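Quick note on numbering: the working numbering labels position 19 of the sequence shown as 1194, and the sequence is numbered without any gaps. A short worksheet on the structure shown next.
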Amino acid sequence: MIRRPLMLLAGILAALGLSACKEDSTPAASAPAAQQHEWKMVTAWPKNYPGLGTAANRFAERVQTMSGGRLRIKVYAAGELVPALEVFDAVSQGTAELGHGAAYYWKGKVPAAQFFTAVPFGLSAAEMNAWLSHGGGLQLWGEAYAPFGVRPLAVGNTGMQMGGWFNKEINSLADLQGLKIRMPGLGGEVLSKLGATTVNLPGGEVFTALQTGAIDATDWVSPYNDLAFGLHKAARYYYYPAWQEPQAALELLVNQKALDALPDDLVAIVEEAARAANQDMQDDYVYNNARALEELKLQGAELKRFPDEVLAALRRQSSLVLGELAAQSELNGRIWASLQAFQAQVTPMHQVSEKELYNWR
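Below, the structure is given as structure tokens:
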């Protein structure tokens, strides 16, 4: 009576055991290989140029490492794939998925872009980053570029720059009359109103233009980059402060269709790599500007401060130029209102903190 159920149970267990053995002996299915993405990034900088060009390279390396090689970016210097001042168009048209440059270079195509590099007598680097990330600036920037299929991200900041290199002294407003100067963006607009002739040249052409007399003066960046270009060999006077660029935000241009085709984790990697690159560039400039300024002085650069009369006139004219730009469109008006409101919000804090520290130390 008992033997039959036991035999049945033994048979069931044997069958289960046999089935388990068969399952164990079956090799596991291999996971599908992760999709590889190969992107191009065009830049507005000479190849491996200190600070700007090297930052683009480090961004590409960071993305590849963070993605485990799933997203690889080939970096092209200015002129290797497209000219420096055609980076925006290349990304908009899909010639390259990424661009690395400065927003005010595209003012002829997107007038609002000028707000997102530097505003004369405007925000500092720390304030600019805060406005972009917490004050609504990045959303406004994206709105300006959306019609072109481009998404902008902050990817670096040079901090406060210098007033520029001059082959003659600036002692009064009269010295600006007829001055031929390379200065892009809103600073160039201000000088034009005060009688100067301004041009927009890519970095690679600045030294030759200054040395040959095609221009009388130029802004570029700050000691780190100016020393690398040897601008002290083409002009004698090195002016400060950088009223035209109290900071200079660099941008990562991303083709929106290419970004939309990425999985969410790679999108996050691009965004976070840009955030890391933004801080990395600021650190790079703080460290190297201090060393380069001393070297420039040793090599004969003569530091000069703009006269108060000139700075006051530049400030008045800046307000007028910014008002005119704001009046060009409803979007421009909202951007300028946002910038002004944010500067008014943060200035009282910095007057009793950073400003006092700098005055006393």
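Idealized CB from N, CA, C, for every residue including glycine. These figures come from a predicted structure and were not determined experimentally.
Self-check item: Cβ shell of P1286 (< 8 Å), same chain only, five flanking positions each side left out
Solution: The beta carbon of P1286 is closer than 8 Å to those of L1500, Q1503, S1504, N1507 in its chain, skipping five residues each way along the sequence.
Quiz prompt | Sheet register partners of G1276 (DSSP bridge) | solution = E1426
Practice problem: With a floor of 3 residues, list each beta strand (DSSP E) that falls wholly inside the region 1249 to 1314, ordered by position along the chain. | Solution: Counting only runs of 3 or more, we get 1273 to 1276.
Quiz item: Given a threshold of 16 other Cβ atoms within 10 Å of its Cβ, counted over all protein chains shown, does E1469 qualify as buried or as exposed?
Solution: exposed
Self-check item: Those residues which DSSP pairs with W1338 across a bridge
Solution: Note that residue 1338 corresponds to Gly in the displayed sequence, not to Trp. Answer is none; G1338 lacks a bridge partner.
Practice problem: Using three-state DSSP, classify K1530 as helix, strand or coil. | Solution: Correct three-state label for K1530: helix.
Quiz item: Straight-line CA distance for F1517 to F1291?
Solution: Taking the Cα positions, F1517 is about 14 Å away from F1291.
Quiz item: Which class does P1327 belong to by DSSP, given the choice of helix, strand or coil?
Solution: strand
Quiz item: To which residues of the same chain is N1463 closer than 6 Å at the C-beta, ignoring the five residues directly before and after it?
Solution: Cβ neighbours of N1463 beyond the five flanking positions: Y1399.
Self-check item: Burial state of N1453, where buried means 16 or more other Cβ atoms lie within 10 Å
Solution: buried
Quiz item: By Cβ distance, which residues of its chain are closer than 6 Å to N1375, with the 5 residues on each side in sequence left out?
Solution: P1359
Self-check item: Of the residues T1218, P1225, E1213, the one placed nearest L1402, counting alpha carbons only
Solution: P1225
Practice problem: Look at the Cβ atom of V1250, then the Cβ atom of A1235, and state whether they are nearer than 8 Å. | Solution: yes
Quiz item: Whose C-beta lies closer than 6 Å to the C-beta of S1493 among residues of the same chain, with five residues either side of it excluded?
Solution: P1295, F1296, V1365
Practice problem: Within the region 1455 to 1491, note down every full alpha helix (DSSP H) run reaching 4 residues or more, in order along the chain. | Solution: none
Quiz item: What are the residues that DSSP puts in a beta bridge with A1392?
Solution: F1341, I1356
Exercise. Quick one: using the 10 Å Cβ neighbour count with 16 as the cut-off for buried, is M1524 buried or exposed?
Key: exposed
Quiz prompt | Neighbourhood of I1187 by C-beta, 7 Å cutoff - its chain only, sequence neighbours within 5 removed | solution = Any reading at I1187 needs caution, since the residue's pLDDT is 39, under 50, leaving its predicted position unreliable; the model's value is listed next. Answer for I1187: no residue qualifies.
Practice problem: Whole angstroms is fine: what's the gap from E1213's alpha carbon to R1247's? | Solution: Going by C-alpha positions, E1213 is about 5 Å away from R1247.
Self-check item: Whether V1429 touches L1298 by CB criterion (8 Å)
Solution: no
Self-check item: Burial state of R1536 (16 or more Cβ within 10 Å)
Solution: R1536 should be labelled exposed.
Exercise. For W1214, write down the residues that DSSP places opposite it in a beta bridge.
Key: I1248
Quiz item: Counting along the chain, where does the beta strand (DSSP E) carrying Y1412 start and finish?
Solution: 1412 to 1415
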